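S.K.: Here it is, the structure, as structure tokens.
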Amino acid sequence: KAGVTQTPRYLIKTRGQQVTLSCSPISGHRSVSWYQQTPGQGLQFLFEYFSETQRNKGNFPGRFSGRQFSNSRSEMNVSTLELGDSALYLCASSLGGEPTDTQYFGPGTRLTVL
Amino acid sequence: GEDVEQSLFLSVREGDSSVINCTYTDSSSTYLYWYKQEPGAGLQLLTYIFSNMDMKQDQRLTVLLNKKDKHLSLRIADTQTGDSAIYFCAAARGGYQKVTFGTGTKLQVIP
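Here the protein sequences come in this chain order: A and H. Residue numbering for the first sequence follows our numbering, starting at 1 and increasing by one per position. Residue numbering for the second sequence follows our numbering, starting at 1001 and increasing by one per position.
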């Protein structure tokens, strides 16, 4: 079974631009969560989607948004990029997003904002 | 909000046991997780424990929970060089959707 894939793996953008990251979950998984990992703030929850609906959101500004398609693939968008948005963005999928469902992480997208 | 704290670094000799500690602040946390992150890789869920449990054992891994002190620990028996990684503790009230991660503990295993 193929794992969680994220594209692109690396991205360089400049301040003010916007970016879209993509995540393909494991086949059959309907829940996709996004996390931001930085040296300063650690690992922080962004949002979670299940069956095309955002079920929960972390404490991030509205510049961070996402969506999920009918095939469970998910995209995350960051508009008006700031230097502080430089981070590793991780996506994780699970069957139903239940607390006891094993969550599988992708390798991440490394975003650098110049 | 929830705060989860871990020590930053732990060094052990191969074959010894490793104990990684974590404290959390929200007594409503019902699910507590341990993740492993190897260099250049995403996170791997190692194990989890419900707040109504005191202990969970899974092969070389033992999780101990002291709910009164809001203290969680992960013991790795017979630590191997392949266990070298960053270990994250995470606490959640409703599962993944409301999860707070610790800062991570870097485990170095000396051959």
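A virtual CB, placed ideally from N, CA and C, is assigned to each residue, including glycine. Quick caveat: nothing in here was measured; it's all calculated off a predicted structure.
(1) With H, G and I counted as helix, E and B as strand and the rest as coil, what does DSSP make of GLY84(A)?
(2) Taking C-beta pairs closer than 7 Å, name the residues in chain H that LEU43(A) reaches, listed in chain order.
(3) In the stretch 1025-1054 of chain H, which residues sit with their C-beta less than 9 Å from some C-beta in chain A, listed in chain order?
(4) For a contact defined as C-beta to C-beta under 9 Å, what are the partners of PRO25(A) on chain H?
(5) At which residues does the beta strand (DSSP E) containing ASN71(A) begin and terminate?
(6) Give a yes or no on contact between the stretch 1018-1026 of chain H and the stretch 90-109 of chain A, applying the rule of three or more CB pairs nearer than 8 Å.
(7) Measuring straight from C-alpha to C-alpha, what distance separates ALA1092(H) and ASP1003(H)?
(8) How is the beta strand (DSSP E) around LEU1061(H) delimited, first residue to last?
(9) Does the CB of PRO107(A) have a neighbour CB from chain H at under 8 Å?
(10) Between LEU81(A) and GLN41(A), what straight-line distance do the alpha-carbon atoms span, to the nearest angstrom?
(11) My parser needs the beta strand (DSSP E) runs of 3 or more residues fully inside the stretch 1005-1061 of chain H; what are they?
(12) Can you grab the Cα-Cα spacing for the pair THR1103(H) / PHE69(A), in whole Å?
(13) Look up GLU48(A) in the DSSP assignment and give the residues it is bridged to.
(14) Which stretch, first to last residue, makes up the beta strand (DSSP E) that contains ILE12(A)?
(15) Going along chain A, which residues have a C-beta under 7 Å from ALA1085(H)?
(16) Quick one: Cα of SER1073(H) to Cα of TYR1031(H), how far?
(17) Report the partner residues of ARG110(A) according to the DSSP bridge assignment.
(18) Which stretch, first to last residue, makes up the beta strand (DSSP E) that contains GLN18(A)?
(19) What is the DSSP secondary structure of GLY42(A), counted as helix, strand or coil?
(20) Taking contact to mean 3 or more Cβ pairs, one atom from each stretch, closer than 8 Å, check whether the stretch 1012-1021 of chain H and the stretch 54-71 of chain A are in contact.
M.R.: Let's see:
(1) helix
(2) PHE1088, PHE1101
(3) THR1030, TYR1031, TYR1033, TYR1035, GLN1037, GLY1040, ALA1041, GLY1042, LEU1043, GLN1044, LEU1045, TYR1048, PHE1050
(4) Neighbours of PRO25(A) on chain H: none; closest Cβ ~13 Å, over 9 Å.
(5) Neither: ASN71(A) is in no beta strand (DSSP E) and is coded neither H nor E.
(6) They do not touch, by the three-pair rule.
(7) 11 Å
(8) 1061-1066
(9) yes
(10) 17 Å
(11) 1009-1013, 1018-1024, 1031-1037, 1043-1050, 1055-1058
(12) Each residue's CA atom was taken as its position, placing THR1103(H) and PHE69(A) some 32 Å apart.
(13) Within the DSSP bridge table, the entry for GLU48(A) names SER33(A), ASN56(A) as partners.
(14) 10-13
(15) For ALA1085(H), there are no neighbours in chain A by C-beta distance under 7 Å, as the nearest C-beta there is about 13 Å away.
(16) 14 Å
(17) For ARG110(A), which the question treats as bridged, DSSP gives the partners TYR10(A), LEU88(A).
(18) First-last for GLN18(A): undefined, no H or E at that position.
(19) In the structure shown, GLY42(A) sits in a strand (DSSP, three-state: E or B).
(20) no
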